[in-house]
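Colleague: For the protein sequence lines, the chains are A and B, in the order given. For what it's worth, the working numbering labels the leading residue of the first sequence as 994, then goes sequentially. For what it's worth, the working numbering labels the leading residue of the second sequence as 94, then goes sequentially. Using N, Cα and C, we set each Cβ at its ideal position, and we do this for glycine too.
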Amino acid sequence: MERYYQPEIECASREQIRTWQDERLVRQVRHVWEHMPYYRKKMEAAGLTPNDIKGADDLYKLPFLSKADLREAYPYGLLAKPLKDCVRIQSTSGTTGKRVVAFYTQHDIDLWEDCCARAIMAAGGTDEDVCQVSYGYGLFTGGPGLNGGSHKVGCLTIPTSSGNTERQIMFIRDLQATILCCTPSYAAYLGETMKEMGLTPDQIPLKAGIFGAEAWSEEMRQDIQNTLGIKAYDIYGLTELSGPGVSFECSAQSGMHINEDHFIAEIIDPDTGEVLPEGSQGELVFTSITKEAFPLLRYRTRDICTLTREPCPCGRTHVKMVKPKGRTDDMLIIRGVNVFPSQIETVLLNHGYPANYQIVVDRVKSTDTLDVQVEMTPEMFTDNLGEVSRRQAELVDGLRSMLGLAAKVTLVAPKSIVRSEGKAVRVIDRRKL
Amino acid sequence: MSLKQISVFLENKPGTLHAMTTALAQNGVDMRALSLAETKDFGIVRLIVDNVYAATTVLKDAGFIHSLTPVLGVMIPDEPGGLNQVLQVLDGAAVNVEYMYAFLGGADADHAYMIFRVQDGEKAAAALTAHGIRLVDQDEVAGL
Chain A
994 MERYYQPEIE
1004 CASREQIRTW
1014 QDERLVRQVR
1024 HVWEHMPYYR
1034 KKMEAAGLTP
1044 NDIKGADDLY
1054 KLPFLSKADL
1064 REAYPYGLLA
1074 KPLKDCVRIQ
1084 STSGTTGKRV
1094 VAFYTQHDID
1104 LWEDCCARAI
1114 MAAGGTDEDV
1124 CQVSYGYGLF
1134 TGGPGLNGGS
1144 HKVGCLTIPT
1154 SSGNTERQIM
1164 FIRDLQATIL
1174 CCTPSYAAYL
1184 GETMKEMGLT
1194 PDQIPLKAGI
1204 FGAEAWSEEM
1214 RQDIQNTLGI
1224 KAYDIYGLTE
1234 LSGPGVSFEC
1244 SAQSGMHINE
1254 DHFIAEIIDP
1264 DTGEVLPEGS
1274 QGELVFTSIT
1284 KEAFPLLRYR
1294 TRDICTLTRE
1304 PCPCGRTHVK
1314 MVKPKGRTDD
1324 MLIIRGVNVF
1334 PSQIETVLLN
1344 HGYPANYQIV
1354 VDRVKSTDTL
1364 DVQVEMTPEM
1374 FTDNLGEVSR
1384 RQAELVDGLR
1394 SMLGLAAKVT
1404 LVAPKSIVRS
1414 EGKAVRVIDR
1424 RKL
Chain B
94 MSLKQISVFL
104 ENKPGTLHAM
114 TTALAQNGVD
124 MRALSLAETK
134 DFGIVRLIVD
144 NVYAATTVLK
154 DAGFIHSLTP
164 VLGVMIPDEP
174 GGLNQVLQVL
184 DGAAVNVEYM
194 YAFLGGADAD
204 HAYMIFRVQD
214 GEKAAAALTA
224 HGIRLVDQDE
234 VAGL
């Protein structure tokens, strides 16, 4: 049976959602115009006033915000409420220099936690569940967001935060945790550790996992589901917009419902900025229509994905985004070919290797080299050198057909690739570009 | 009648073989035979030891990927044509030898031992025994 935290919103008619979006966008643009001089200047430069935005159809007129704006406006330039009305900040490290600092009023926190509560109930959570939150608590949004959502659902919440794998497993077993929230790479690591301890899936009390904050493949989902004996759900979000819960998966496990009563999603051509028709692949852009303190309009996420409004068997009416292939930030350009780490992960798992891998990119004599380092496992090892080499060669072939370029595969010792308790470090780029 | 060979995965870089022998030495595992096959970036060490259980436990605890493979330990007269005779029997029985290596030390000065990894161990063992060639078992190896 499908469960909803706010059924009247999550299953509202498309007309109703559209009406909310129209009204809230108009109000938000006025709020931003009056309280965020940084964006007002952008609107003025584009020859716009709030009167030009009469509804969601006019959204395309508004200027974009990007990571570069966040850096330029750091720390208070995108704040639209007096500091005395704000109760929290969260922060994320940018890949290039300055951190992103986002501000929240109590109202903003409430709405964010509602979004996380929707995600937990969509994963089957109720007030009878024990929800272990193994995302980092602190500046990172993962821990605080899911913690708040878990409280709203009424789960018994175990705030383990990240790290100390032994203690994580102790709580899962001793307190019979039924829902696990963490990054997919940490879920895989917990699964690997429990398997080594000799625990079979039926001895692990977990039934569902809510995993996000990094791109992961469908194959990795299957792997985690099998090892932990759970259903694994994806959750998506950005600190810039609130945190996890901007969108989340339902029982259909085929894309994440965007909370359209709070965010308007668009897909644009990343080169021209033009809005693309529904179903096209492009860069995901979000407009926050309910946030007070840090209301970003047309924020470019750099995530490449597609949107679909096809009816979902779960009954939710909000638009779904397919699992992003990765951020444009994560995308590597190797010998002119676009490569996402998630593509490499897919090939590894399809060939029976674990998702413990690292990608080393270098430039030798002005040619890019791609070295995929993957850990040897007992399952993949035999005494026969020819057989091990043959499997290695198959992997090279698999990578070539997936990526369209030649990669080297290096088999490394088990546990030699550092395990992450938060976001996994997959790529080491040694090129001096 | 076969021996248990321990095959260990090692990265082909300085210190990995030493790390493995250190773990075995510290736990008093005595090696009877060893061979190493390598590629540019990894290698497989094949070991015959006195105590298989102790060795595999040590390797597992030290984080080495390993597997057990049945191999034949063959006693060969230490004289011209000794190995040739063994291979002739295997050839006659149409048994393919995947790899083979020599054994250190023996019970007497007249014989050498060699380890054979073949595709059909039972067939090979039967053929060798039928031709009066002696195979050694795990207990015998432990006692050497």
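Using 8 Å for Cβ pairs, my map puts A:TYR1346 next to A:GLN1366. What's the rounded Cβ distance?
Modeller: If you number the first sequence from 1, residue 1346 of chain A lands on position 353. If you number the first sequence from 1, residue 1366 of chain A lands on position 373. Not a contact, Cβ separation roughly 11 Å.
Colleague: Ordered along the chain, which non-local residues of its own chain (more than five positions away) have a Cβ less than 7 Å from that of B:ARG125?
Modeller: Taking the second sequence and counting its residues from 1, the one referred to as residue 125 of chain B is at position 32. Answer for B:ARG125: ILE141, VAL142, ASP143, PHE196, LEU197, VAL234 and LEU237, listed in chain order.
Colleague: Of the residues that make up the stretch 1298-1325 of chain A, which ones have a beta carbon closer than 8 Å to any beta carbon in chain B?
Modeller: So nothing in the stretch comes that close.
Colleague: Taking the alpha carbon of A:ASP1078 as the point to measure from, which residue in A:ALA1066, A:ASP1101 and A:ILE1217 has its own alpha carbon closest?
Modeller: Taking the first residue of the first sequence as 1, we reach residue 1078 of chain A at position 85. Of the listed residues, the one whose Cα sits closest to A:ASP1078 is A:ASP1101.
Colleague: Compute the Euclidean distance between the alpha carbons of A:ASP1364 and A:LYS1358, then round it to the nearest angstrom.
Modeller: Walking along the first sequence from the start, residue 1364 of chain A turns up at place 371. Walking along the first sequence from the start, residue 1358 of chain A turns up at place 365. So the alpha carbons of these two residues sit roughly 16 Å apart.
Colleague: Let me know the secondary structure DSSP gives B:GLN178 once reduced to three states.
Modeller: Within the second sequence, residue 178 of chain B is the residue found at index 85, counting from 1. Correct three-state label for B:GLN178: helix.
Colleague: Assign A:PRO1317 to one of three DSSP states: helix, strand, or coil.
Modeller: Translated into positions along the first sequence, residue 1317 of chain A becomes position 324. A:PRO1317: coil per DSSP, three-state reduction.
Colleague: Closer than 7 Å between beta carbons: that is the criterion. Which residues of the stretch 153-168 of chain B meet it against chain A?
Modeller: From the stretch 153-168 of chain B, only GLY156, ILE158, SER160 and THR162 have a Cβ closer than 7 Å to chain A.
Colleague: So which residues on chain B does A:VAL1405 lean against when the C-beta distance must stay under 7 Å?
Modeller: On the first sequence, residue 1405 of chain A is found 412 positions in, with the first residue counted as 1. Under the 7 Å cutoff, chain B gives GLU104.
Colleague: Verify the CB distance criterion: does B:THR149 have a CB-CB separation below 8 Å to chain A?
Modeller: For the purposes of this step, residue 149 of chain B is taken as residue 56 along the second sequence, with counting starting at 1. Output row for B:THR149: interface = no.
Colleague: Which two residues bound the contiguous beta strand (DSSP E) that contains B:ALA130?
Modeller: Taking the second sequence and counting its residues from 1, one reaches residue 130 of chain B at position 37. Looking at the DSSP string, the run of the beta strand (DSSP E) that includes B:ALA130 is 124-131.
Colleague: Span of the beta strand (DSSP E) holding A:LEU1231?
Modeller: The residue labelled residue 1231 of chain A in the question sits at position 238 within the first sequence. Unbroken beta strand (DSSP E) run through A:LEU1231: 1224-1231.
Colleague: Identify which residue in A:TYR1031, A:THR1301 and A:ILE1257 has its Cα closest to the Cα of A:ILE1010.
Modeller: As a first step, residue 1010 of chain A is located in the first sequence; it is residue number 17 there, counting from the start. Checked all of A:TYR1031, A:THR1301 and A:ILE1257; the closest Cα to A:ILE1010 is A:ILE1257.
Colleague: Thinking C-alpha only, which one of B:HIS111, B:GLY108, B:PRO107 and B:LEU117 is nearest B:ILE99?
Modeller: Sequence index remark: in the second sequence, residue 99 of chain B carries index 6 (1-based). Nearest option by C-alpha distance: B:LEU117.
Colleague: What separation, rounded to the nearest whole angstrom, lies between the Cα atoms of B:ALA223 and B:ASP184?
Modeller: The residue you call residue 223 of chain B lines up with position 130 of the second sequence. The residue you call residue 184 of chain B lines up with position 91 of the second sequence. Cα to Cα, B:ALA223 sits roughly 14 Å from B:ASP184.
Colleague: Does A:GLN1125 pass the burial test, meaning 16 or more other C-beta atoms within 10 Å, or should it be called exposed?
Modeller: Counted from its first residue, the first sequence places residue 1125 of chain A at position 132. A:GLN1125 should be labelled buried.
Colleague: Report the three-state DSSP secondary structure of A:ARG1412 (helix, strand or coil).
Modeller: Position 419 of the first sequence, counted from the start, is the residue given in the question as residue 1412 of chain A. Coil at A:ARG1412, not helix or strand.
Colleague: Is any heavy atom of the ligand COA found at a distance shorter than 7 Å from the C-beta of B:ASN177?
Modeller: In terms of ligand content, the structure shown is empty, and the ligand COA therefore cannot be addressed.
Colleague: Which term fits A:PRO1137, buried or exposed, when burial requires 16 or more other beta carbons within 10 angstroms of its beta carbon?
Modeller: By one-based count along the first sequence, residue 1137 of chain A stands at place 144. It is buried - the Cβ of A:PRO1137 has at least 16 other Cβ atoms within 10 Å.
Colleague: With A:LEU1290 and A:LEU1055 assumed to form a contact (beta carbons below 8 Å), what rounded beta-carbon distance in angstroms separates them?
Modeller: Here residue 1290 of chain A refers to the residue found at position 297 of the first sequence. Here residue 1055 of chain A refers to the residue found at position 62 of the first sequence. About 5 Å separates the two Cβ atoms, so the contact holds.
Colleague: If you count every other CB in all the chains shown that lies within 10 Å of the CB of B:ALA112, and 16 or more means buried, which is it?
Modeller: Within the second sequence, the letter at position 19 stands for residue 112 of chain B. Exposed, since its Cβ has fewer than 16 Cβ neighbours within 10 Å.
Colleague: Distance, Cα to Cα, B:ARG139 vs B:HIS204?
Modeller: To locate residue 139 of chain B, count along the second sequence from 1; it is residue 46. To locate residue 204 of chain B, count along the second sequence from 1; it is residue 111. When rounded, the distance between both Cα atoms is 22 Å.
Colleague: How many angstroms separate the CA atom of A:ARG1214 from the CA atom of A:ALA1225?
Modeller: Position 221 of the first sequence, counted from the start, is the residue given in the question as residue 1214 of chain A. Position 232 of the first sequence, counted from the start, is the residue given in the question as residue 1225 of chain A. So the two alpha carbons sit approximately 6 Å from each other.
Colleague: Is DSSP giving A:ASN1343 helix, strand or coil here?
Modeller: Working through the first sequence from its first residue, we reach residue 1343 of chain A at position 350. Of the three classes helix, strand and coil, the one that applies to A:ASN1343 here is helix, per DSSP.
Colleague: Report the neighbours of B:ARG125 on chain A: residues whose CB is nearer than 9 Å to its CB, in chain order.
Modeller: Translated into positions along the second sequence, residue 125 of chain B becomes position 32. Correct list: empty, because the minimum Cβ distance to chain A is about 16 Å.
Colleague: For A:SER1394, report the span of its alpha helix (DSSP H) as first-last.
Modeller: Numbered from 1 along the first sequence, position 401 holds the residue referred to as residue 1394 of chain A. From DSSP, the alpha helix (DSSP H) with A:SER1394 extends over 1378-1396.
Colleague: Would DSSP call B:ALA217 helix, strand or coil?
Modeller: Start at 1 with the first residue of the second sequence, and residue 217 of chain B comes out as number 124. Three-state result, B:ALA217: helix.
Colleague: Any beta carbon from chain B within less than 8 Å of A:ASN1377's own beta carbon?
Modeller: Counting from one through the first sequence, the residue named residue 1377 of chain A turns up at place 384. Closer than 8 Å to some Cβ of chain B, the Cβ of A:ASN1377 qualifies, so yes.
Colleague: Would a check of beta-carbon distances place A:MET1187 closer than 8 Å to chain B?
Modeller: The residue labelled residue 1187 of chain A in the question sits at position 194 within the first sequence. For A:MET1187, the answer is no, since every Cβ of chain B falls outside 8 Å of its Cβ.
Colleague: In chain order, which continuous runs of the beta strand (DSSP E) of length 3 or greater are located wholly inside the stretch 1087-1126 of chain A?
Modeller: The stretch 1087-1126 of chain A contains these whole beta strand (DSSP E) runs: 1093-1098 and 1123-1126.
Colleague: Can you tell me whether A:ARG1007 is helix, strand or coil according to DSSP?
Modeller: As a first step, residue 1007 of chain A must be located in the first sequence, where it is residue number 14. Of the three classes helix, strand and coil, the one that applies to A:ARG1007 here is helix, per DSSP.
Colleague: Report the residue from B:GLY175, B:VAL164, B:ASN189 and B:ASN105 whose alpha carbon sits nearest the alpha carbon of B:LYS97.
Modeller: Counted from its first residue, the second sequence places residue 97 of chain B at position 4. Minimum Cα distance to B:LYS97 is reached at B:VAL164.
Colleague: What separation, rounded to the nearest whole angstrom, lies between the Cα atoms of A:GLY1397 and A:ASN1331?
Modeller: In the first sequence, residue 1397 of chain A corresponds to position 404, counting from 1. In the first sequence, residue 1331 of chain A corresponds to position 338, counting from 1. For A:GLY1397 and A:ASN1331, the distance between alpha carbons rounds to 9 Å.
Colleague: Any beta carbon of chain D sitting closer than 8 Å to that of B:THR114?
Modeller: Of the chains in the structure shown, none is chain D; the protein chains are A and B.
Colleague: Does the count of Cβ pairs from the stretch 1169-1176 of chain A and the stretch 1190-1201 of chain A closer than 8 Å reach three?
Modeller: Yes, they touch.
Colleague: Just grab the DSSP bridge partners of B:PRO163 for me.
Modeller: Here residue 163 of chain B corresponds to residue number 70 of the second sequence, with the count starting at 1. Per DSSP, B:LYS97.
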